[in-house]
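Using full-length UniProt numbering, the first residue of the sequence shown is number 1, and each one after it goes up by one.
A short write-up of the structure that comes next.
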Amino acid sequence: MSEEKKRYIQWAKFAERTERFDDMAWAMKCAAETGIELTPSERDDLADAYKTIVTARRSSWMVLKSIEEAITDSERNLKVAKQYKEEVAAELARIAEDVLNLLELLIPKASTTEAKVFYLKMRGDYYRYLAEIAKTGTKLDTINNAQNAYQDAVDVAMKELPPTNPVRLGLALNYSVFYYDILKLPKEAYELARQ
């Protein structure tokens, strides 16, 4: 491991301990960009850091969406809620695009099947997050991108990973969530999870 990568990994560990997850995500991104492949533990840290910061924005967006839908008495309040929701959506989209750009570097360099499936699943997840907030004009493309990423991961996982592999199991779960929440196909989601 290079000194540069070691420094970023240590930075990420300190950021995690101090619950500064934006800093942790930045440090793990920098570690990944050194060109030295991430270990399974480092991959998990990268995913955990980004998941933590994106989950906060997703939750905020969902609450603001509920608030916006509940406002019936004030045009001003509705406008403020809508504007704030759009700001949170823009933050979430920036984070997701950052992750997707990073994955474009990591997927081709993955030296193991598990790493490749992990990154493809992650790509599907971040397109799914974008699909949750997408406006009508871009929603279909985002959904297709998520489905393609998940399917690419499934194709590799089914051939090369045992059914009990944790990455394969996580993929099955997240892909079934995509079918249930985004495609609104509960029967297919159940079948996918069952497989």
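We put the CB at the ideal spot given by N, CA and C, even for glycine.
So what's residue i in DSSP terms, helix, strand or just coil?
i, result
"Asp48", "helix"
"Ala110", "coil"
"residue 239", "Residue 239 is absent from the structure shown; the chain starts at 1 and stops at 195."
"Thr34", "coil"
"Lys139", "helix"
Please report the distance separating the alpha-carbon of residue i from that of residue j.
i, j, result
"Glu97", "Ser176", "23 Å"
"Ala15", "Thr39", "19 Å"
"Gly137", "Asn101", "22 Å"
"Asn145", "Lys139", "10 Å"
"Ile143", "Ala93", "14 Å"
"Ser59", "Ala131", "15 Å"
"Lys135", "Ala89", "10 Å"
"Ala32", "Lys184", "35 Å"
"Pro186", "Arg7", "45 Å"
"Glu104", "Thr72", "44 Å"
"Met62", "Glu68", "10 Å"
"Ser66", "Leu161", "40 Å"
"Gln195", "Arg43", "25 Å"
"Pro163", "Ala193", "12 Å"
"Thr112", "Lys29", "20 Å"
"Thr18", "Tyr190", "39 Å"
"Ala81", "Met158", "44 Å"
Inspect the beta-carbon positions of residue i and residue j and report whether they are closer than 9 Å.
i, j, result
"Ala156", "Lys109", "Per the sequence presented here, residue 156 reads as Val, with Ala not at that position. Contact flag unset, no."
"Ile36", "Lys79", "no"
"Ile95", "Arg57", "yes"
"residue 220", "Val167", "Outside the displayed range of the chain (1 to 195) lies residue 220, so it cannot be described from this structure."
Could you tell me whether the segment 167-181 touches the segment 109-124, where touching means 3 or more Cβ pairs closer than 8 Å?
-> yes
Contact between the segment 42-57 and the segment 8-27: three or more CB pairs below 8 Å?
-> yes
Could you tell me whether the segment 81-91 touches the segment 3-21, where touching means 3 or more Cβ pairs closer than 8 Å?
-> no
Evaluate contact between the segment 143-158 and the segment 123-134, counting only Cβ atoms and requiring at least three cross-stretch pairs below 8 Å.
-> yes
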